[in-house]
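In UniProt numbering, the protein residues as written are 1 to 298.
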């Protein structure tokens, strides 16, 4: 098996773990306060990530003041993303929330063009437009299905976009596991503080198993994400992140009895297709050593 094939398998398993984690949190949310779930899961996941960082020698890395500031900003964005995303997740069908999150490659490309002035040609602008059309098919503004939780999901996409945009400015030498650990600790502390204003519910064997299972799955997903970055070409592997939509459809159907409407499925297909094209196009552009004069990049 080639490195790219191994990377693709790791990516698909990672997305399955992330989606199963979401499903467990959504199910546990019927019995437990959200902040209690996030804080408990976060303690277990942070300990697992710290052990991984120690095992890989990441704690010995020298972190510049600039990178430390970027990590802090990214962690703050992660906190915002986690709160808005998980709040929406408890109230919306799993596949709908996951489909909106899959606009990420498009929003990052758009933000990089607007914030950093990165060149984007007509092909990727067209893909971004189609992707946002797909998003509109899912959220359908002005209809009964568009509510505050849909807005929360969109705000979460904004936070995740900011989070991933900051990564582009970090030093290549900064260990990814340290960045992930910092974000996990930040989310855990935030949730623990907010949970002080909630009444903690006693864990039952079922709810406790779901929260511990979510912690194990998210830890596995983070580990696989690190391995993906070290296996094969990221540009070739990244499109397999859209298998998360398949997992979300299946889990939403089997666990919660939700099956998206035709317009939602069409929107998800537009988002996935546009995202795959954008990732493939960026991979092709990175392989070019030079761009002929007079031709737009993108």
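From the three backbone atoms N, C-alpha and C, an ideal C-beta is built for every residue, glycine too.
Residue 97 versus residue 89 - alpha carbon distance: 6 Å
Top-ranked residue by Cα proximity to residue 86, from 157, 60 and 270: 157
Cβ-Cβ distance between residue 19 and residue 247 below 8 Å: yes
For residue 31, the three-state DSSP class (helix, strand or coil): coil
Continuous alpha helix (DSSP H) stretch holding residue 105: start and end: 104-115
Residue 21 vs residue 233 beta-carbon contact at 8 Å: no
Status (buried if at least 16 other CB within 10 Å, exposed otherwise) for residue 77: buried
Cβ-based burial, residue 230 [other Cβ within 10 Å; buried from 16]: exposed
The region 160-171 / the region 64-76 touching (three or more Cβ pairs under 8 Å): yes
The region 55-73 touching the region 204-224, judged by at least three CB pairs closer than 8 Å: no
Proximity of residue 105 and residue 279 at Cβ, strictly below 8 Å: yes
Beta-carbon proximity list for residue 259, same chain, < 6 Å, skipping 5 on both sides: 253
Residues near residue 177 in its chain [Cβ-Cβ closer than 7 Å; skip 5 each side]: 49, 52, 53, 56, 58 and 226
Rounded separation between residue 303 and residue 204 - CA only: No statement about residue 303 is possible, as the shown extent of the chain runs from 1 to 298 and does not include it.
Rounded separation between residue 184 and residue 25 - CA only: 16 Å
Start-end ranges of the alpha helix (DSSP H) lying completely within the region 158-240, minimum 4 residues: 176-195, 205-229 and 234-237
Separation of residue 11 from residue 294, as counted between CA atoms: With a pLDDT of only 44 at residue 294, under 50, the local geometry of the prediction cannot be trusted, and the value read off the model is given with reservation. Each residue's Cα considered, the two are about 37 Å apart.
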